[in-house]
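Numbering (this note's numbering), first residue to last: 228 to 408. Virtual Cβ for every residue (Gly too), placed ideally from N, Cα, C. Quantities reported herein were computed from a predicted structural model and do not represent experimental measurements. The next block holds one structure in the form of structure tokens; read it before the comments.
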């Protein structure tokens with residue numbers, strides 16, 4: 228009969244939970260960043276910004292591009308800004324880089340400058356094909372066609388030059404802003 232009170236005590240303990248431990252489920256959310264680190268907040272992932280690069284090319288009088296100025300006579304230097312995305316792709320705009328963790332575009336706000344070829348700009352000023360520099364009848368300076376001072380020359384005063392030699396033989400000197408000697 229002594230077993231009966233002992234079994235009643237054990238039964239009471241089991242029912243009240245003093246011996247058994249209730250299982251608790253704890254859910255934590257973790258995030259894996261592009262660099263493979265694990266964080267609890269996705270905002271703590273380090274994001275690589277697009278890297279800005281400048282590509283230097285030379286434009287020859289015939290409109291072809293080259294990387295070496297000695298490959299063509301009187302080349303015009305063109306610097307074009309491009310961006311290298313974290314995935315290694317090269318794009319024209321930093322906004323074109325896809326954010327690898329979210330699949331959306333990056334919100335980088337870097338200004339971009341692209342340069343068009345000189346012959347197109349010179350033609351817009353009213354010069355014939357082959358023009359690389361312009362001057363004004365009212366000054367003694369010659370400029371690249373995309374120079375801010377070239378854009379101020381009145382159409383009736385514009386003089387078109389095919390080379391530096393051509394401009395200098397007519398008494399013109401290089402602009403101190405756009406032509407760095």
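DSSP three-state call for residue 348: helix, strand or coil?
helix
With a Cβ-Cβ cutoff of 8 Å, do residue 367 and residue 398 count as a contact?
yes
According to the neighbour-count rule (16 or more other Cβ atoms, all chains shown, within 10 Å of its Cβ), is residue 394 buried or exposed?
buried
Out of 372, 233, 365, 364, point me to the one whose CA is closest to residue 356's CA.
372
Bridge partners for residue 387 per DSSP, in chain order?
361
Of all the options 407, 359, 405, which has the alpha carbon lying nearest to the alpha carbon of residue 386?
359
Let me know the secondary structure DSSP gives residue 265 once reduced to three states.
strand
Which residues mark the beginning and the end of the beta strand (DSSP E) in which residue 368 is found?
368-371
Quick one, which of 383, 396, 297, 351 has its alpha-carbon nearest residue 374's?
351
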